[in-house]
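Participant:
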Amino acid sequence: MAIQCIGSPNKDKGREGYQPEAIVIHIMEGTLKGTDAWFKNEESGVSAHYGIGEASEIHQYVGESDRAWHTGRIVSPT
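Using my numbering, you'd call the opening residue of the sequence shown number 1 and step up by one each time.
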């Protein structure tokens with residue numbers, strides 16, 4: 001299955017030594033094309049690593065080595 005790289009400016013480079021502890025699954029409202037536009041929009045302030053469309057197409061917005069902003073940004077973690 002091919003993954004299409006779409007890209008998003010809304011991410012943090014790297015993970016600052018943190019490793020993923022869970023997979024977060026969100027349900028997108030609207031179309032995959034609309035999600036592409038929203039995640040590519042710097043003013044939206046949101047992103048995710050992947051999106052899957054109704055026809056099973058997979059779009060990647062943020063590389064796995066970087067932090068997407070789908071669950072918020074980390075500030076002063078403890």
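Each residue gets a CB set at the ideal place from its N, CA and C atoms; glycine is no exception. This structure is a prediction, so every number in the text was calculated from the model and none was measured.
I need the boundaries of the alpha helix (DSSP H) containing glycine 34, first residue and last residue.
Facilitator: For the purposes of this step, residue 34 is taken as residue 34 along the sequence shown, with counting starting at 1. Glycine 34 -> alpha helix (DSSP H) spans 32 to 40.
Participant: Hey, quick one: how far does the beta strand (DSSP E) through glutamine 60 stretch, first residue to last?
Facilitator: Position 60 of the sequence shown holds residue 60. Taken as a continuous stretch (DSSP letters only), the beta strand (DSSP E) holding glutamine 60 covers 58 to 60.
Participant: Please name the residue, chosen from Ser76, Glu21, His70 and Tyr61, that lies closest to serine 8 on a Cα-to-Cα basis.
Facilitator: Here residue 8 refers to the residue found at position 8 of the sequence shown. Considering only alpha carbons, the answer is Tyr61.
Participant: As a quick exercise: from Arg67, Ile52, Glu64 and Glu43, pick the residue whose alpha carbon is nearest that of glycine 30.
Facilitator: In the sequence shown, the residue the question calls residue 30 occupies position 30. Cα-wise, what sits closest to glycine 30 is Ile52.
Participant: Is the beta carbon of lysine 13 sitting closer than 8 Å to the one on serine 47?
Facilitator: The residue you call residue 13 lines up with position 13 of the sequence shown. The residue you call residue 47 lines up with position 47 of the sequence shown. Not closer than 8 Å, so no.
Participant: Could you give the C-beta distance for glutamine 4 and glutamate 57, rounded to a whole number, given that I count them as a contact under 8 Å?
Facilitator: For this step, residue 4 is matched to residue 4 along the sequence shown. For this step, residue 57 is matched to residue 57 along the sequence shown. 7 Å between Cβ atoms; contact.
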